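The sequence shown begins at 13 in our numbering and counts up by one. Glycine included, C-beta positions come from ideal geometry on N, C-alpha and C. This one's a predicted model, so the numbers in the text were calculated from it and none came from an experiment. Read through the structure below, which is laid out as structure tokens, and then see the notes.
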Amino acid sequence: MGLKKEDYLILKKVASENNHSLDELIEVYGKESSFGDDLNRKGSQYKGPFQFGKDAGKDAGLVGIGRDGVEFDYRNDLAKSAKGYIDMVAKNRKSLNHYLRKYGINDSELLKFDKSTVNYMLHQQSARGLASILKSITNPITEKMPKGFYGSQDKDWGYLNPRARILENLTDPQKDYFKYKTENVPAAARYFLNSVKEQLDSIDYKSDVKIYEKDIKKKDDTSFFFPDDRVMNEALG
């Protein structure tokens, strides 16, 4: 269905209150849950407009136990989920610097991407996971490599292969290219990073925003109450 007006207004308010990019929130909302049409896109473990798992939801303050002792889960709440995304990105940005130093890598690869793309990768992969991807570009695979990047079994590439973990975040055509066209791990990692940007850039919402903003502006127009002299004279005959 696309971006709904009520959702746009909610995200606009959250972005304004937190000094965050509205375009980024809209793009991630579209990417993660098809603008709320698929709140369980990645499966039962993840849910909500911004697809938080339970652990990440707890870190973002979306899942927990209130002062009254009652459990809460706000992952399906658009405003709270968007704020949770913003908070998680800020937290992971700080952690990323720690992992870059720990693994002895620089952020030169990230300089090729805009801030919103990097933010989304931090949300999707975590600071440790993103640092691991960057490390795989500049260093060969060894058993001492951080495991956050390759913690799943993949029938085509084998256990503990960096290609395994990130397949779930690619479209079907991207998966095919990733698995059969990239010739080595650095090339695969670079392709994955570029695919994230491609997916965000492909989110279609700007025509909806123009309509909503035009409608909002029309309602805020006070010219009816202050007609110019020509209109007033014509009205009076």
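query                                                                                                           : result
Residues near A68 by beta carbon distance below 7 Å, same chain, minus five either side                         : M100
Supposed close pair Y111, A143 - CB separation, criterion 8 Å                                                   : 4 Å
Whole-angstrom distance between R140 and Y58, CA atom to CA atom                                                : 19 Å
Which of helix, strand or coil DSSP assigns to D89                                                              : coil
Spatial neighbours of H135 in its chain, beta-carbon cut-off 8 Å, leaving aside the 5 residues before and after : V40, F62, Y97, M100, V101, N104
R274, buried or exposed, once every other Cβ within 10 Å from all chains shown has been counted against 16      : Because residue 274 is not part of the residues shown, which for the chain are 13 to 249, the question remains open.
Reduced DSSP secondary structure (H/G/I, E/B, other) of K59                                                     : strand
M13 versus D216, K222, D227, residue with shortest Cα-Cα distance                                               : D216
6 Å Cβ shell around K187 - same chain, five flanking residues per side excluded                                 : L179
Cβ distance (whole Å) where I117 is taken to contact F204 below 8 Å                                             : Contact doesn't hold; Cβ gap of about 16 Å is too wide.
8 Å contact criterion, which P185 and S148 should meet: CB distance rounded                                     : Not really, about 22 Å apart at Cβ, beyond 8 Å.
Bridge-paired residues (DSSP) for I77                                                                           : E83
N109 versus Y115 - alpha carbon distance                                                                        : 10 Å
Distance CB(S214)-CB(L182) smaller than 7 Å                                                                     : no
F190, DSSP secondary structure in three states                                                                  : helix
Own chain partners of K43 with C-beta closer than 8 Å, once the 5 adjacent residues on each side are dropped    : Y132, Q211, L212, I215
Limits of the alpha helix (DSSP H) - the one that G42 falls within                                              : 34-45
Helix, strand or coil at L182 [DSSP, three-state]                                                               : coil
Alpha-carbon to alpha-carbon, F125 and A200                                                                     : 17 Å
Identity of the residue in K106, F84, E29, L74 nearest S93 by Cα                                                : L74
Spatial neighbours of Q137 in its chain, beta-carbon cut-off 6 Å, leaving aside the 5 residues before and after : none
Secondary structure of F64, DSSP reduced to three states                                                        : strand
For I117, the three-state DSSP class (helix, strand or coil)                                                    : coil
N30 versus E195 - alpha carbon distance                                                                         : 42 Å
Exposure of K60, with buried meaning 16 or more beta-carbon neighbours within 10 Å                              : Before going further, note that residue 60 is Gly rather than Lys in the sequence given. It counts as buried.
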